[in-house]
Amino acid sequence: MDTTALLLSRIQFAFTISFHIIFPAFTIGLAAWLAVLEALFLKTGRPAYRIVFEFWLKIFGVAFGLGVVSGIVMAFQFGTNWSVLSKMSGPIQGPLLSYETFTAFTLEATFFGVLVYGRTRVPPWFYLFSTAMVALGTTFSAFWIMVNNSWMQVPVGYVLENGAFVPNNWTRIVFNSVVWSRFPHMLLAAYLTGAFCVAATGAWYLLRKMYHAEAHIMLRMGLFLAAVLVPAQIFFGHLNGDYIHEYQPAKFAAIEGRWHDEQPAGEVLIAIPDSTAETNWYEVKIPILGSIIGSMSLTSKEVGLTDFPPQDRPPVLIPFFTFRIMVGCGLVMLGLAWLGSYLSLKGGLERSRLLLWLIFSSFPLPFIATLTGWYTAEVGRQPWVVYGVLRTADAMTPFLTTRAATISLVVFCAVYTFIFSFGTLYIYQLLRAGPAGYLIEPPSAAVPNRPMSLASEGVAPKHTYADAGE
Amino acid sequence: MVMFWVSLLAISILLYVLLDGFDLGIGMLVALPNSEARRAAMLNAVLPVWDGNETWLVVTGVILWGAFPNAYATLFSAFYLPLLVMLAGLILRGVAFEFRHRAEQTRWIWDVSFIGGSFAATFIQGLTVGALVEGLPITNGEYTGGDFGWFSPFAVLCGLGLCLGYALLGACWLVKKCDGDIRATAYRLIPYLSVGLLVFLIVVFFYALAENLQVMGRWLERPYLFVFPAIGALASAVLAVSVRYRRDDLPFTMVVLIFASAFGALAISFWPYMIPFVLTIDEAAAPQSSLGFMLWEGVIVFPLMLLYTIISYTVFRGKVPSTPQIHH
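Quick mapping for you: the protein sequence lines, in order, are chains L and V.
So the first sequence is numbered by the working numbering: it starts at 4 and just counts up by one.
So the second sequence is numbered by the working numbering: it starts at 686 and just counts up by one.
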């Protein structure tokens, strides 16, 4: 086996999946929010809801497209670069990912088409139903992905037969506690991403003194939702810590930066871990807190990394820092959401330009938190691809050459950089222009199943497909 | 159980080829017109459905992984570089749908991505089928061909042949969905594309017979298999008549039949092999406990997926506007 090809394959997987997760993290929450907006509009008839809906639908469209195309790569990459893994764990991961595709993708694709191009072709109730189906599809997708990844983190319900993981208990695979702390954690991350992006956009318009009514809807809905969800997210984050503590002690020790067993254990707030010297530099540590966090006890012994042979230890630097960045982002979001909601209820938010400016510039935080959270989980799982049973180094396609791996990494980097740059540019242009003029709707819109060709004739040139997406 | 999943795999592959086939075909045909209005009108014929069409590729991939993991692992790793090209093509054309009408001065970039990506993805799909018919170098279940073991002139020929085939599907879809000069141009293209495709199919068929005595034997033993080429021939005849009399709905259906009969003939020729003469369907299949768990999605969710597809095509039925106004 070629060790350079292994390194390149790992970089390629990390790069393509990091790129991909940015878009679902954004669109899962946005889809749910769009469904709520459409329902509110149908219930209240308030045009601002409809304007905000149409506006965010355009942004959803660009982000969804980027998510779809980068997601197709994932379905292939297990087979191209990790053929040993896909052969061995195919009997488990294959069915799980097939459930994702079956339950989510066709549903999303069909009703996304209705959302963007079908407003004038279907009755209003069906349009609302379509928004709900898109939101449901994205949620199904997240669920199965989390089941799949949780099995790689904590493999259960299988026996090893003829070099393959043969499932013998699907109930344990799908319904184990690890899934049910990790799936809500990811779903909340997505909702928070949507909430902060929407709130930040609202804050931006208020700072620029534009689109007052729409900006208020965005800001208030985003902040209120975040104010409730961030504490819930912190709770589920804690549950995630518990499963790591129980099933992946080496990862837990790496996150904590704990090299040796301690009783009671301290909590390292910040330090520079050094894996050669097996110690931390410039450490700031609170005594006993480590035992409280790990075991809810004042006296418990907590495990250190040196308990594990060096070849079974994860890298320390990456999980240690990415975890702290994630938590830091979470705390800042908590502060902004609570302060913003409080001022918004008191009616002083609009005058506080500093806070508006902070909320506006907070939109990268949920993305950073999601990515660093995933880095903690995935890098912390190393050197295993299926925890404790299959090493990453043994999972690669055995005959993959450095040449092929280099070509593919270069191509993916080039293509993704290219589409990401333009995608971000187009989203920025849409956001900058704002929700102006999105309520040009001929009266025929309410007529069910009216053919597009009729609706567009002479009424408004806005109603061709190409323009419906604009 | 294995047979059930073979059937769903076959349905998914066929649906993918037919559905994404016509929008990839239109992707290549977009290179022909020289005006933005015509290009936009051609795109309108696929915009609401292309994403759903492409989903069937992912469906095929995950059925292969879940139900036939050995075939998935062997094939995808063997076709490392071709699949890379196909994915890059699908990515570029996929974003072009959404991006091209947001771009103004840079619209040409997305037109190039769209046309080039459609061509690359189609060519690779044909090439992989050709390489499979030719036979991949595999010893003891492990691919041994190196980075370019899939390459052969025959595989390249199949890549080009599929480009003709998808372009024909695309032209027939345009006839069905468009009016005016797009429809007229599509009608003019259909005879050339269909004659090209038929010649190509006949060459492939006889090549497969000549190269693989096993395949030849199967056809000679079971003459009733010739029902597939017969359906193809009949459909070609109806296609010619429907083009002659400008019956807009018929050509697409007839090309669908041609594709289905070619697909059936190919599948029957290599039965029961999943990777010809190396890996049989039973050898490739996942353990019973995996197939059993997947049964529910096959029985309950798969029909739902078909239903969504039907909903999508029902909502967007009928002709699309032939002369759209382009909004800047």
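In this text, a Cβ means the ideal position worked out from N, Cα and C, and glycines have one as well.
So residue i and residue j are supposed to be a Cβ contact under 8 Å. How far apart are they, rounded?
i	j	result
residue 882(V)	residue 849(V)	5 Å
residue 222(L)	residue 209(L)	7 Å
residue 14(L)	residue 77(L)	Contact doesn't hold; Cβ gap of about 15 Å is too wide.
residue 169(L)	residue 150(L)	Residue 169(L) to residue 150(L), Cβ: 17 Å. No contact.
residue 713(V)	residue 922(V)	26 Å between Cβ atoms; not a contact.
residue 192(L)	residue 372(L)	7 Å
residue 933(V)	residue 884(V)	So it is not a contact: roughly 26 Å between Cβ atoms.
residue 426(L)	residue 60(L)	Incorrect: roughly 16 Å between the Cβ atoms, too far for contact.
residue 267(L)	residue 308(L)	Contact doesn't hold; Cβ gap of about 18 Å is too wide.
residue 375(L)	residue 385(L)	Actually they are not in contact, since the Cβ atoms of residue 375(L) and residue 385(L) sit about 16 Å apart, beyond 8 Å.
residue 758(V)	residue 90(L)	4 Å
Using only the alpha-carbon positions, how far apart do residue i and residue j sit?
i	j	result
residue 135(L)	residue 733(V)	18 Å
residue 771(V)	residue 33(L)	30 Å
residue 724(V)	residue 872(V)	17 Å
residue 280(L)	residue 293(L)	22 Å
residue 380(L)	residue 729(V)	43 Å
residue 904(V)	residue 910(V)	7 Å
residue 121(L)	residue 1000(V)	7 Å
residue 318(L)	residue 382(L)	7 Å
residue 994(V)	residue 743(V)	15 Å
residue 220(L)	residue 55(L)	8 Å
residue 236(L)	residue 188(L)	6 Å
residue 957(V)	residue 964(V)	9 Å
residue 761(V)	residue 750(V)	10 Å
residue 79(L)	residue 346(L)	49 Å
residue 233(L)	residue 784(V)	34 Å
residue 329(L)	residue 695(V)	45 Å
residue 818(V)	residue 840(V)	8 Å
residue 979(V)	residue 57(L)	38 Å
residue 240(L)	residue 325(L)	14 Å
Residues in the same chain with beta-carbon distance under 6 Å from residue i, minus the five sequence neighbours each way, listed in chain order, please.
i	result
residue 369(L)	195, 196, 199
residue 273(L)	287
residue 67(L)	30
residue 777(V)	798, 802
residue 474(L)	Past the edges of chain L, shown from 4 to 473, lies residue 474(L), and the structure says nothing about it.
residue 955(V)	961
residue 205(L)	218, 221, 222
Ignore the nearest five residues each way along the sequence and tell me which others in residue i's own chain have a CB closer than 7 Å to its CB.
i	result
residue 306(L)	252, 256, 264
residue 248(L)	255, 297
residue 753(V)	959, 969, 970, 971
residue 137(L)	34, 111, 114, 115, 118
residue 207(L)	363
residue 928(V)	872, 875, 876, 936
residue 94(L)	167, 168, 169, 170
residue 697(V)	741, 744, 745, 748
residue 182(L)	149, 150, 153
residue 290(L)	269
residue 767(V)	809, 812, 813, 835
residue 868(V)	859, 860
Below 8 Å CB to CB, which residues in the same chain sit around residue i once its five sequence neighbours on both sides are set aside?
i	result
residue 131(L)	38, 41, 42, 45
residue 773(V)	802, 805
Is any heavy atom in the ligand PLP found nearer than 7 Å to the beta carbon of residue i?
i	result
residue 784(V)	For the structure depicted, the ligand PLP is absent and the ligand set is empty, with no information on it obtainable.
Please confirm if residue i has its CB atom under 8 Å from at least one CB of chain A.
i	result
residue 435(L)	You won't find chain A in this structure, because its protein chains are L and V.
Discussion item. If the cut-off is 7 Å on Cβ atoms, which residues from the region 954-982 of chain V count as contacting chain L, listed in chain order?
Written reply: 971, 972, 974, 975, 978, 979, 982
Worksheet item: Where in the region 217-281 of chain L do unbroken runs of the beta strand (DSSP E), each at least 3 residues long, occur, reported from the N-terminal end onward?
Response: 270-277
Worksheet item: Which ranges would you report for the beta strand (DSSP E) in the region 889-969 of chain V if only whole runs of at least 3 residues count?
Response: 958-960
Practice prompt. Quick one: which unbroken alpha helix (DSSP H) runs of 4-plus residues sit fully inside the region 761-837 of chain V? Chain order, please.
Written response: 765-784, 792-819
Discussion item. For a minimum of 4 consecutive residues, which ranges assigned as the alpha helix (DSSP H) are wholly contained in the region 838-885 of chain V?
Written reply: 838-862
Item to complete: Would you mind listing the alpha helix (DSSP H) stretches within the region 118-162 of chain L that are 4+ residues and don't spill past its ends, in chain order?
Response: 127-156
Discussion item. Short of 9 Å Cβ to Cβ, which residues in the region 83-101 of chain L face chain V?
Written reply: 83, 84, 85, 86, 87, 88, 89, 90, 91, 92, 93, 94, 95, 96, 97, 98, 99, 100, 101
Fill in: Where the region 709-733 of chain V meets chain L: residues whose CB sits under 7 Å from a CB there
725, 728, 729, 732, 733
Worksheet item: For the region 799-829 of chain V, which residues have a CB atom closer than 8 Å to at least one CB atom of chain L, in sequence order?
Response: 827, 828, 829
Discussion item. Using a Cβ-Cβ cutoff of 8 Å, what residues of the region 990-1004 of chain V are near chain L? List them in chain order.
Written reply: 990, 993, 994, 996, 997, 1000, 1001, 1003, 1004
Practice prompt. Compile a chain-ordered list of the residues in the region 148-169 of chain L whose CB is closer than 8 Å to at least one CB of chain V.
Written response: 164, 167, 169
Practice prompt. Taking only beta carbons into account, state which residues of the region 830-845 of chain V come closer than 7 Å to chain L, listed in chain order.
Written response: 832
Practice prompt. Taking only beta carbons into account, state which residues of the region 168-190 of chain L come closer than 7 Å to chain V, listed in chain order.
Written response: 169, 170, 171, 173
Worksheet item: Which residue spans inside the region 46-126 of chain L form an unbroken beta strand (DSSP E) run of at least 3?
Response: none
Worksheet entry | Runs of beta strand (DSSP E) lying entirely within the region 282-339 of chain L, each at least 3 residues, in chain order | 282-289
Worksheet item: Using Cβ-Cβ distances below 9 Å, what residues of the region 733-744 of chain V are close to chain L?
Response: 733, 734, 735, 736, 737, 738, 739, 740, 741, 742, 743, 744
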